[in-house]
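Q: Questions regarding the structure given below will be posed in turn.
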C-alpha cells in the first residue's frame with residue numbers, strides 16, 4: 023500500500039467518500055422505495071395488475087437514477103480509472119475460464135430448483151401478476167436490466183474500483199462483499215448469506231475482466247431467471263404468451 027507522509031493517500035480518502043456515498047444512496051433508496059414507491063398491498067387503482075406494473079417500473083427507474091445516473095454525474099468530475107485487470111490477483115484468485123463459461127448455466131439450474139420453494143414465491147416475482155403475457159415479461163426483464171445496470175455501476179464499477187486503487191484487490195473485495203451482503207439483510211437472512219459467494223464472484227469477475235459490465239450481465243441473468251422460474255412454479259401464476267395487453271383494463 024503506497025502511503026504518503028501523512029499516513030493516508032488521496033485514493034484512500036476518495037475510497038471512504040465513495041463508501042459513505044454508497045451507504046447514503048442505499049439507505050435513501052430503501053426508505054423511499056419501501057415507503058412511497060413499492061407497496062404491493064395497495065389497490066387504489068382501476069387495475070391491481072396495472073398498479074403492480076407501474077410500481078415496479080417506478081422503483082426500478084428510481085434505482086437507476088439513484089445508483090447509476092446521480093453517482094456517475096457526481097463522480098465523473100473526479101478522475102477515476104476503471105477497474106483494471108490487476109496483476110496482484112494471483113492465479114488462485116482468478117476464476118478459471120471453464121468456470122466462467124458454465125457460470126450462467128449453473129445460475130439457471132440453481133434458480134430453477136430454488137424458485138420452486140414457497141418462501142421464494144413470497145418475494146419473487148416482484149410484480150404479483152397472475153397471468154404473464156409477453157408485455158409483462160418485457161417490463162420485468164427491462165426493468166431489472168435498467169435497475170441492475172445502475173446497481174452494478176455503483177457497487178462494482180465505482181465502489182470496487184475506488185477501493186482496489188486505494189487498498190488493493192483483497193481488501194476491496196472483502197469490504198465490497200460485506201456491504202453487499204449487509205444491504206441484502208432486509209430481504210431476509212438467506213438472501214444476505216447467499217449474497218456473500220455471489221458478491222465474491224462478481225468482484226473477481228469485474229477485476230479479472232476490467233469492467234463491471236460482465237458482473238451486470240451475470241446479475242441480470244440471476245434476477246431474470248429467478249423471476250421466470252418463480253412464475254413457472256408459482257401455484258397462482260401462469261404464462262399466457264397470447265396475452266398482448268400490459269394490464270387488464272387496457273386491451
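Numbering (this note's numbering), first residue to last: 23 to 273.
Built from N, CA and C at the ideal position, the CB exists for glycine as well.
1) What does the Cβ neighbour count give for residue 228, buried or exposed, with the cut at 16 atoms within 10 Å?
2) For a test of the three-state rule: what should DSSP assign to residue 210, helix, strand or coil?
3) If you measure from the beta carbon of residue 149 to each beta carbon in chain D, is any gap under 8 Å?
4) CA-CA distance, residue 36 and residue 201?
5) Compare the beta carbon distance of residue 147 and residue 266 with 8 Å and say whether it is the shorter of the two.
6) Going by the beta-carbon positions, is the gap between residue 163 and residue 246 smaller than 8 Å?
7) Spatial neighbours of residue 32 within its chain, please: CB distance less than 6 Å, with the 5 preceding and 5 following residues excluded, ordered by chain position.
8) Using the Cα positions of residue 193 and residue 38, report the straight-line distance between them to the nearest angstrom.
9) Got a sec, what are the start and stop residues for the alpha helix (DSSP H) residue 141 sits in?
10) Just to confirm, is the Cβ distance from residue 126 to residue 240 under 8 Å?
11) With a 10 Å radius around its C-beta and 16 neighbouring C-beta atoms as the bar for buried, classify residue 248 as buried or exposed.
12) Taking the alpha-carbon positions, what's the residue 55 to residue 85 distance?
13) Suppose you measure from the CA of residue 222 to the CA of residue 134; what does that come to, to the nearest Å?
14) Return the Cβ separation of residue 174 and residue 238 in integer angstroms, given the expectation that the two are a contact with Cβ distance under 8 Å.
15) Please report the residue range of the alpha helix (DSSP H) in which residue 98 lies.
16) Using a Cβ-Cβ cut-off of 7 Å (strictly less than) and excluding sequence neighbours within five positions of residue 182, which residues of its own chain qualify?
17) Going by DSSP, what residues sit across from residue 154 in a beta bridge?
18) Quick check: the Cα distance between residue 122 and residue 69, rounded to an integer number of angstroms?
A: Looking at the coordinates:
1) Here residue 228 refers to the residue found at position 206 of the chain shown. So residue 228 counts as buried.
2) For the purposes of this step, residue 210 is taken as the residue at position 188 of the chain shown. In this structure, DSSP gives residue 210 a state outside helix and strand, which the three-state scheme calls coil.
3) In the structure shown, chain D cannot be found, because there is only a single protein chain.
4) Along the chain shown, read from residue 1 onward, the residue named residue 36 stands at position 14. Along the chain shown, read from residue 1 onward, the residue named residue 201 stands at position 179. Between residue 36 and residue 201, the C-alpha separation is close to 17 Å.
5) Residue mapping note: residue 147 aligns to position 125 of the chain shown, counting from 1. Residue mapping note: residue 266 aligns to position 244 of the chain shown, counting from 1. The answer is no: Cβ separation not under 8 Å.
6) Stepping through the chain shown from its first residue, residue 163 is reached at position 141. Stepping through the chain shown from its first residue, residue 246 is reached at position 224. Contact flag set, yes.
7) Taking the chain shown and counting its residues from 1, one reaches residue 32 at position 10. Nothing listed; no residue qualifies.
8) In the chain shown, the residue the question calls residue 193 occupies position 171. In the chain shown, the residue the question calls residue 38 occupies position 16. So the two alpha carbons sit approximately 13 Å from each other.
9) For this step, residue 141 is matched to residue 119 along the chain shown. It spans 140-143 - the alpha helix (DSSP H) in which residue 141 sits, taken as one unbroken run.
10) Sequence index remark: in the chain shown, residue 126 carries index 104 (1-based). Sequence index remark: in the chain shown, residue 240 carries index 218 (1-based). Contact: yes.
11) Along the chain shown, one-based indexing puts residue 248 at 226. It is buried - the Cβ of residue 248 has at least 16 other Cβ atoms within 10 Å.
12) Here residue 55 corresponds to residue number 33 of the chain shown, with the count starting at 1. Here residue 85 corresponds to residue number 63 of the chain shown, with the count starting at 1. Rounded to whole angstroms, residue 55 to residue 85 spans 9 Å at the Cα level.
13) Residue numbering aside, residue 222 sits at position 200 when the chain shown is read from its first letter. Residue numbering aside, residue 134 sits at position 112 when the chain shown is read from its first letter. Those two C-alpha atoms are separated by around 22 Å.
14) For this step, residue 174 is matched to residue 152 along the chain shown. For this step, residue 238 is matched to residue 216 along the chain shown. About 4 Å; that satisfies the 8 Å criterion.
15) In the chain shown, counting from the first residue as 1, residue 98 sits at position 76. No alpha helix (DSSP H) contains residue 98, which DSSP labels as neither H nor E.
16) Walking along the chain shown from the start, residue 182 turns up at place 160. So the qualifying residues of the chain are 105, 194, 198, 225, 228.
17) In the chain shown, counting from the first residue as 1, residue 154 sits at position 132. 261.
18) Position 100 of the chain shown holds residue 122. Position 47 of the chain shown holds residue 69. Straight-line Cα distance between these residues: approximately 43 Å.
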